[in-house]
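Read the structure below first, then the notes.
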Amino acid sequence: MSDPDTAAPGPALAADKVLSDLTRLGIQVDASSRRRSEYSFDASNYRVAPAAVVFPRSSDDVVHVVAACSRHGVPMTSRGGGTSLAGNAIGPGIVLDFSRHMNSVIAVDESARTAIVEPGIVLTELQRHLQRTTRGKLTFAPDPSSKSRATVGGSLGNDACGNHSVRHGRTSDHVVALDLITAAGHRLTATRDSLHATNDNDVAAAAEAARITAQLQGLAREHLAEFRLELARIPRQVSGFHLANLLPENGFDVARALVGSEGTCAIIVGATVSLVPVAPSAMLLCLGYDDLVDAARDNALILRYSPAAVEGIDSLIVDTMRHLRGPDSVVGLPAGNAWLYVDLDGEDVTEVQARGAELVAELREAGRLVDARVVADPTERASLWRVREDGAGLSARLADGGESWTGWEDSAVAPDQLADYLIAIKEILAEFGLTGVMYGHFGAGCMHIRIDFDQRTPEGRAVMSRFIRRAAELCVQFGGSMSGEHGDGRARSELLSVMYSPRVMAAFSRFKRIWDPAGVLNPGIIVEPDALMSNLSLADVNTRRWPTSFELTPTHQAPVAPFVHAVQGCIGVGRCRASSGGVMCPSYRATGDEKDSTRGRARVLQEMVRNSPTVADGWRSEDVKESLELCLSCKACSTDCPVGVDMATYKSEFFDRYYRGRLRPMSHYSLGWLPTWLKLTTVAAPLVNLLTRGNAGRLVARLGGLTPHRAFPTFASRTQIRNAVGATGTPGDVVLLADTFTRGFRPEVAASAARVLQNAGLSSERRTDACCGLTWISTGQLAQAKKQLARSAELLDDGTDRPIVVLEPSCAAAFRKDLPELVHNDAARRVAARVRSFADTITDCAQSGWRPSTSMPVEVTVQTHCHEYAVFGADVQRKALRALGVETIREATGCCGVAGNFGFEADHYDVSMKVAEQALAPALRDTSDDVAVLTDGFSCHMQVRQLDPGRTSLHLAQLLDSRL
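Once you know that position 910 of the sequence shown is 910 in full-length UniProt numbering, the rest is easy, because the numbers rise by one and skip nothing.
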């Protein structure tokens with residue numbers, strides 16, 4: 001199949017006509033090269049560039065899109081969260097993204113246990129809505145691991161299942177009715193027993209419904225035997241169309257027949273779904289085994305106890321989570337090398353507990369169980385489920401440096417066949433010299449296996465193709481389904497003839513033609529499929545070396561440049577599109593635009609390194625610059641992203657090269673060179689503070705490219721710094737570094753820190769002569785940053801291993817992470833290894849038995865600092881406060897919105913304040929005036945001042961300082 005970028009002018013001309021028609025109608029459509037890059041990928045191995053992306057606001061918009069595309073013969077692909085692992089959310093022609101606007105809950109009927117929703121509603125948003133409206137009594141059951149960004153429409157397209165499918169089945173089991181737009185532009189509603197016009201007075205639609213109904217009934221009559229013998233044999237048989245639902249014994253269920261059709265038959269614009277009761281009592285059992293085969297052997301025994309979920313993971317995924325996010329990121333696991341999570345629930349807590357105890361006793365008697373734990377603590381439960389939910393990403397870039405890919409990640413067999421199937425698939429992996437990382441829905445017999453395919457070379461792709469075909473044959477031998485929940489897409493459609501007879505395959509083709517005679521809906525999927533190995537995103541990537549200032553050496557021998565390997569780390573799972581949990585991606589949460597997600601940016605960078613026609617000009621690419629414009633450089637993605645994509649680093653590298661020989665924005669000079677200016681302001685601080693107030697300050701701000709809506713901070717004088725920091729250079733147990741921000745704006749923090757450390761029994765050598773270069777790094781001025789960091793490394797590398805305690809978390813993070821990546825010598829590595837944040841240091845002191853001489857408050861509100869979160873651990877501040885005895889901690893876990901220079905820049909103020917509304921602003925509103933607010937980061941401190949001018953926020957050192 002030809003690449004859409006180089007297709008003949010005919011299709012391109014037809015697409016142009018569609019765009020003209022839609023623009024004239026006022027429909028939101030984007031055909032920019034940047035937008036096409038973002039939507040060329042989903043979470044699969046494939047890449048297909050669309051002609052344009054449409055963001056419909058209503059069913060009327062969709063009707064107009066269908067009419068225009070059908071008129072000009074342009075294909076259409078429906079898309080929700082873009083998390084498809086099979087390549088069924090990308091396509092040529094027009095991509096319709098329903099997640100942007102058509103994402104509402106229309107109605108909830110608690111008595112009927114139903115909800116009416118638009119296709120773009122994210123699953124967790126629907127579940128939160130139901131939590132509020134039904135007071136926690138009802139929920140929508142399907143809960144795939146991508147539920148925080150996957151949509152109802154996508155779940156309907158793939159017939160998604162999720163962790164609790166043992167109890168609740170597939171999405172198709174929860175469909176009451178579907179509102180559709182057909183390829184001919186008619187509005188129809190499919191129900192559990194019929195198909196009719198959505199609007200009673202729509203005569204043309206009624207005629208279309210009658211035609212389709214008659215043809216579907218004829219299709220079912222002609223294939224009664226095949227549908228009964230070949231379809232719906234195991235719980236997770238998702239491959240192909242679900243035509244068994246058309247059988248008489250199943251009530252001619254047109255709605256369920258369409259679920260899992262992957263957008264190839266009709267466009268879903270609304271759905272009525274059934275809701276399930278939430279069990280009042282539940283417990284999580286975590287079971288440890290020597291390996292996953294032993295775990296699978298216990299499947300049948302566990303299923304006798306009516307679990308709601310039986311999920312499996314192996315040690316490779318756990319090791320990667322701990323490598324990426326620290327040893328405390330996975331807590332609550334019992335002994336073993338593989339684990340099952342077993343959810344038991346019921347009406348009575350005593351009965352649930354008794355059932356759990358009985359199950360564990362029987363498992364121990366069976367002899368395969370190594371260890372077991374009841375996980376009662378909510379934090380431990382959340383930790384364990386996050387490992388499982390991030391499985392796809394965590395297994396993509398492993399702790400040992402290996403990488404794995406989809407391709408055979410979704411097969412399913414009968415649950416009692418799972419152990420034998422795992423043994424057989426491992427034998428085939430060994431035969432081909434491949435390694436598979438395994439996890440999955442054990443209770444439903446569905447396995448996710450990510451494999452270390454080499455897609456970059458012809459030889460590796462040949463091995464991948466042969467393996468997948470062998471694996472398909474094996475799955476069929478076990479009576480299984482090649483897809484257990486992700487659909488067929490581009491990954492499995494070509495293989496369907498291995499699984500189904502010629503008559504069933506012919507029935508699939510006929511079903512597709514009944515709905516879509518011209519074949520304009522998601523072509524290349526299920527029927528007349530694209531070749532399995534065509535359109536692979538890693539195939540034939542440009543071999544340009546892409547030298548960088550940052551040391552981005554890959555941890556395995558990838559035949560691509562380190563920068564290429566780094567940006568290809570994004571595999572599209574889309575956690576950055578989640579609206580809650582973690583810190584990334586603050587700009588996406590503010591705008592809701594794929595452009596502003598970590599994934600969107602990574603995809604545009606991936607097109608850049610391909611030297612793709614959609615993103616030309618390399619380091620000078622305007623598309624990449626636009627994509628990175630709203631990145632706050634918060635670094636949260638380096639931790640929250642399951643594959644550790646570090647967009648702040650890539651942005652810095654790109655801006656450094658983009659602006660070479662060019663005039664930069666004024667803020668890059670005013671804020672980027674802040675350490676230099678602060679050397680001058682300390683000499684004339686009173687005058688500078690006068691000039692940055694009132695109308696004069698607003699004029700200075702405009703001249704410096706800064707927003708006039710923020711007040712300047714107060715600049716410290718040389719005398720204030722000297723009085724606060726005290727004598728420097730005196731040897732001590734630790735090196736206390738008054739960084740540039742502390743020294744220039746909050747020198748009193750350094751004084752408090754020295755007193756607190758002294759109270760903890762640690763003498764400090766106070767330093768004011770080292771700078772981390774952060775402002776140059778964040779604005780992409782890397783030559784100056786490296787020069788500054790090299791000098792700092794030389795100054796701080798004193799031949800000792802004393803901790804270097806840095807008061808500003810962002811500076812501590814820059815010394816720890818950016819220093820050794822930009823300055824490639826032993827001194828830099830030694831200094832980086834010694835750097836600690838102040839909160840981290842206090843935790844160590846408290847755990848050694850120290851308690852501050854000042855009384856600790858009962859309650860504290862703390863703004864989690866993004867850089868500290870990313871580099872030193874997600875709960876550094878919380879651990880410190882807990883260790884000191886603070887009972888109630890209200891944590892604003894999310895970027896404050898200032899993020900160094902970002903929130904001070906003129907063009908970013910509005911986004912900065914929207915970001916603040918994600919966590920910090922609500923936390924402040926919920927905090928009474930007598931409760932301390934902690935902001936160790938200077939940016940966070942300034943945002944608190946902006947949001948609540950009358951409130952004082954403190955550094956942790958000030959909270960612990962007995963003098964205060």
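Backbone N, C-alpha and C define an ideal beta-carbon position, used for all residues, glycine too. None of the values given here were measured: they were computed from a predicted structure.
In chain order, what residues of the same chain have a beta carbon less than 7 Å from the beta carbon of residue i, not counting five sequence neighbours either side?
i: residue 15; result: 51, 52, 74 and 93
i: residue 625; result: 658
i: residue 748; result: 724
i: residue 706; result: 667, 670, 904, 905 and 906
Considering only the alpha carbon of each residue, which of the options lies closest to residue i?
i: residue 563; options: 756, 858, 650 and 598; result: 650
i: residue 36; options: 605, 359, 207 and 844; result: 605
i: residue 292; options: 421, 399, 265 and 212; result: 421
i: residue 216; options: 205, 199, 194 and 201; result: 194
i: residue 835; options: 200, 582, 646 and 737; result: 737
i: residue 702; options: 775, 670, 196 and 450; result: 670
i: residue 239; options: 203, 895, 482 and 764; result: 482
i: residue 565; options: 544, 581, 346 and 575; result: 544
i: residue 61; options: 268, 250 and 397; result: 268
CB residue i to CB residue j, shorter than 8 Å?
i: residue 632; j: residue 586; result: yes
i: residue 230; j: residue 500; result: yes
i: residue 159; j: residue 485; result: yes
i: residue 634; j: residue 832; result: no
i: residue 126; j: residue 276; result: no
i: residue 338; j: residue 312; result: yes
i: residue 735; j: residue 767; result: yes
i: residue 753; j: residue 807; result: yes
Can you name the start and end residues of the beta strand (DSSP E) that residue i belongs to?
i: residue 218; result: Taken as a continuous stretch (DSSP letters only), residue 218 belongs to no beta strand (DSSP E), being part of the alpha helix (DSSP H) at 203-222.
i: residue 289; result: 281-289
i: residue 863; result: 859-863
i: residue 546; result: Premise fails: residue 546 is in no beta strand (DSSP E) and is neither H nor E.
i: residue 108; result: 105-109
i: residue 97; result: 94-97
i: residue 438; result: 436-441
i: residue 309; result: 309-314
i: residue 1008; result: With the chain covering 1 to 964 only, the question about residue 1008 has no answer from this structure.
What residue range is occupied by the uninterrupted alpha helix (DSSP H) comprising residue i?
i: residue 28; result: Taken as a continuous stretch (DSSP letters only), residue 28 belongs to no alpha helix (DSSP H), as it is neither H nor E.
i: residue 778; result: 774-778
i: residue 431; result: 418-431
i: residue 889; result: Per DSSP, residue 889 belongs to no alpha helix (DSSP H); it is in the beta strand (DSSP E), 888-892.
i: residue 826; result: 826-834
i: residue 154; result: 152-158
i: residue 44; result: Counting along the chain, residue 44 falls outside any alpha helix (DSSP H), and DSSP gives it neither H nor E.
Please work out which residues of its chain come closer than 6 Å, Cβ to Cβ, to residue i, disregarding the five sequence neighbours upstream and downstream, and give them in chain order.
i: residue 65; result: 54
i: residue 465; result: 533
i: residue 6; result: With a pLDDT of 42 at residue 6, under the threshold of 50, the modelled position of this residue cannot be trusted; read the value that follows with caution. Excluding positions up to five away in sequence, the list is empty.
i: residue 559; result: 456
i: residue 885; result: 856
CA-CA distance, residue i and residue j?
i: residue 951; j: residue 935; result: 12 Å
i: residue 965; j: residue 83; result: In the structure as shown, the chain starts at 1 and stops at 964, and residue 965 therefore has no counterpart that could be examined.
i: residue 436; j: residue 233; result: 27 Å
i: residue 415; j: residue 660; result: 59 Å
i: residue 368; j: residue 85; result: 33 Å
i: residue 507; j: residue 219; result: 7 Å
i: residue 520; j: residue 939; result: 51 Å
i: residue 596; j: residue 214; result: 47 Å
i: residue 961; j: residue 750; result: 11 Å
i: residue 120; j: residue 40; result: 19 Å
i: residue 652; j: residue 780; result: 4 Å
i: residue 376; j: residue 349; result: 12 Å
i: residue 941; j: residue 891; result: 15 Å
i: residue 134; j: residue 111; result: 10 Å
i: residue 46; j: residue 526; result: 16 Å
i: residue 958; j: residue 859; result: 15 Å
i: residue 162; j: residue 480; result: 18 Å
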